[in-house]
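Numbering (the numbering used here), first residue to last: 220 to 532. Here a beta-carbon is modelled for each residue, glycine too, at the ideal position from N, C-alpha and C. In this text, all values refer to a predicted model and were calculated from it rather than measured experimentally. What follows is a short report on a single structure.
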Ligand SMILES: [Zn+2]
């Protein structure tokens with residue numbers, strides 16, 4: 220049994236959102252060291268504020284300043300902070316009901332250990348030294364023994380309000396492709412493409428997933444396919460992707476490698492984009508050290524007959 224592969228896999232993208240009047244005021248307030256809530260129609264103050272009343276769905280715009288001190292309503296100890304979390308040392312996740320608010324805000328409490336945290340303890344905002352209009356403008360909460368702090372008297376009106384934020388989303392995995400795809404990747408390292416045949420329907424899966432989703436049985440027979448194949452369908456890409464050094468327009472195609480029971484996808488080059496067509500015969504082009512073909516190029520053979528790939532679109 221060959222070794223099953225493992226590798227880190229990071230999926231990361233920036234998410235840009237506009238804030239609207241309530242979130243804009245809330246985040247701009249944090250930048251100015253002011254915590255704003257919003258008053259509901261029945262008089263409760265929600266912190267963090269929302270645009271619509273969660274009970275009546277009424278639009279809410281009545282911003283109210285609350286104090287930077289409050290009470291922990293519940294908590295959980297985090298002994299192993301992960302990259303990007305608010306504190307690098309062990310801390311407590313806390314829900315804090317700020318003085319003047321009726322709901323609780325999720326944040327973190329800097330405390331020496333779980334024995335020093337309890338529900339009902341009093342805490343105070345520690346402001347970040349550099350503030351940009353983000354929830355991280357509150358660096359964390361600290362234990363606090365004093366009287367409730369007084370609001371600053373802010374009206375909720377600020378010069379140069381924050382109107383949008385960029386939230387980086389990041390998923391950090393250790394990925395293992397399993398037995399079938401490990402064999403597929405090992406073969407690709409030798410510039411060979413290996414699929415697996417279903418013992419019942421005889422379909423050859425490329426890349427193999429280890430089982431036939433139609434028959435529900437394991438696939439074990441390895442079958443080398445390609446290297447040549449047929450373009451079954453394609454699209455012309457006109458939008459340049461970030462961090463991708465390919466000039467647009469270019470063609471991305473479904474390619475049925477000879478002997479494969481379904482198409483994989485790859486870029487077509489070595490031919491003007493507007494001359495790519497269904498049935499075009501192509502072969503992989505490898506670059507030094509790569510684990511996947513860089514692209515596919517025309518072989519010069521006559522186009523494949525439609526009936527030979529009509530089931531592989
Ligand atoms: Zn099958």
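- When DSSP states are grouped into helix, strand and coil, residue 233 belongs to the strand group.
- Exclusion of the five residues before and after residue 234 leaves 386 and 388 as the residues of its chain whose Cβ lies within less than 6 Å of its Cβ.
- A distance below 8 Å between beta-carbons, with the five flanking residues on each side excluded, links residue 436 to the following residues of its chain, in chain order: 417, 418, 419 and 430.
- The beta carbon of residue 494 sits no closer than 6 Å to any heavy atom of ligand 1.
- When the alpha-carbon of residue 514 is set against those of 472, 284, 477 and 392, the nearest one is in 472.
- Excluding sequence positions up to five before and after residue 509, its CB lies less than 8 Å from no other CB in the same chain.
- Pairing residue 423 with residue 246 gives a Cβ-Cβ distance that is not under 7 Å.
- Contact annotation: the segment 276-292 touches the segment 336-347, with at least three C-beta pairs closer than 8 Å.
- CA-to-CA, the gap between residue 345 and residue 262 works out to about 28 Å.
- Excluding the 5 residues flanking it on each side, residue 451 has same chain C-beta neighbours closer than 6 Å at 473, 475, 482, 528, 531 and 532, in chain order.
- Cα atoms of residue 240 and residue 298: separation of roughly 37 Å, rounded to the nearest angstrom.
- Here residue 383 is not near residue 250, since their CB atoms are 7 Å or more apart.
- When the Cα atoms are used, residue 425 and residue 304 turn out to be separated by approximately 40 Å.
- Under DSSP, residue 441 forms a beta bridge with 415.
- In terms of Cα proximity to residue 372, the closest of 485, 301 and 284 is 284.
- Per DSSP, reduced to three states, the secondary structure at residue 284 is strand.
- Residue 325 places its beta carbon 7 Å or farther from that of residue 359.
- DSSP places residue 487 in the strand class (E or B) of the three-state scheme.
- A distance criterion of 6 Å places the beta-carbon of residue 433 in contact range of ligand 1, judged by its closest non-hydrogen atom.
- A direct Cα-Cα distance of roughly 11 Å separates residue 391 from residue 301.
- Residue range 239-250 is occupied by the alpha helix (DSSP H) that includes residue 246.
- Unbroken beta strand (DSSP E) runs of no fewer than 3 residues, entirely contained in the segment 390-436, are found at 412-416, following chain order.
- Separation of the CB atoms of residue 433 and residue 399 is rounded to 16 Å, and the pair is thereby denied contact status at 8 Å.
- By the Cβ-count criterion, residue 365 is exposed, with fewer than 16 other Cβ atoms from all chains shown falling within 10 Å of its own Cβ.
- Annotation for residue 304 indicates a beta carbon at 6 Å or more from all heavy atoms of ligand 1.
- Distance from the CA atom of residue 374 to the CA atom of residue 282, rounded to whole angstroms, is 8 Å.
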